[in-house]
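Working notes, beginning with the structure itself.
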Ligand code: ACO
Ligand code: ZN
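Residue numbers (my numbering): 45 to 202.
Printed below as a string of structure tokens:
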């Protein structure tokens, strides 16, 4: 099928649109400073999707250093998907899949060796999306979310 969307890097002018998508799609919301900090530190992995001139989705990430949970040995750089969302009108067209692929390419530019994220254990759409992108459940964190729900940690080597 012909793709109807395009991807590009986040620009500061996109801030209000991205914050609005975040508020509509997820209960985990952040300050404008938080979004701008991730853009300034990791511009290659903060990506938006546009459809007919409107932003319909975003992915933002942080590069962290930590112990590998995938047997990569010792301390490694990891790409952490902090937040991804696509507006309802833009869903089931491959937008999120494309955003993850582009973010993984950016993570490699920052020398990250693996990608990981947390997802609610009841978020079937998210879990399926990540499995299709090659991530696997590597851990469960009890009571991770502020309402008490557990999180799966999902990870993949880059
Ligand atoms: N039900 C079941 N499976 C789904 C669904 C759904 N509603 N949506 C996506 N999937 C799975 C399917 O396997 C799909 O492949 P298919 O369409 O060929 O069947 C695959 O994911 C890829 O779908 P995309 O079209 O790439 O995903 P989309 O652009 O629709 O975005 C997303 C998916 C981001 C989960 C969207 O539904 C959304 O914004 N949800 C609310 C916010 C959210 O849950 N974000 C993730 C939180 S975790 C975190 O941010 C780290
Ligand atoms: Zn996280």
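Ideal Cβ placement from N, Cα and C applies to all residues, glycine included.
Q. Beta carbon of residue 83: closer than 7 Å to some heavy atom of the ligand ZN?
A. For residue 83, the CB stays at least 7 Å from every heavy atom of the ligand ZN.
Q) Per DSSP, residue 121 is paired with what? A) Bridge partners of residue 121: 109.
Q) In the structure shown, what three-state DSSP assignment does residue 169 receive? A) The answer is helix: DSSP assigns residue 169 an H, G or I state.
Q. At which residue ranges does the segment 71-99 contain complete alpha helix (DSSP H) runs of 4 or more residues, listed in the order of the chain?
A. Fully enclosed alpha helix (DSSP H) runs of 4 or longer: 76-85.
Q) According to the Cβ coordinates, are residue 93 and residue 150 closer than 8 Å? A) At least 8 Å separates the beta-carbon of residue 93 from that of residue 150.
Q | Distance between residue 120 and residue 71 (C-alpha atoms, nearest Å) | A | Linking residue 71 to residue 120 through their CA atoms gives a straight-line distance of about 30 Å.
Q | Contact set for residue 106: own chain, Cβ-Cβ below 7 Å, skip 5 residues either direction | A | Only 82, 86, 124, 126 meet the Cβ criterion.
(Q) I'd like the list of long-range same chain contacts for residue 104, defined as Cβ closer than 6 Å, with 5 residues on each side in sequence excluded. (A) So the list reads 82, 90, 126, 127, once near-sequence residues are dropped.
Q | Status (buried if at least 16 other CB within 10 Å, exposed otherwise) for residue 66 | A | Under this definition residue 66 is a buried residue.
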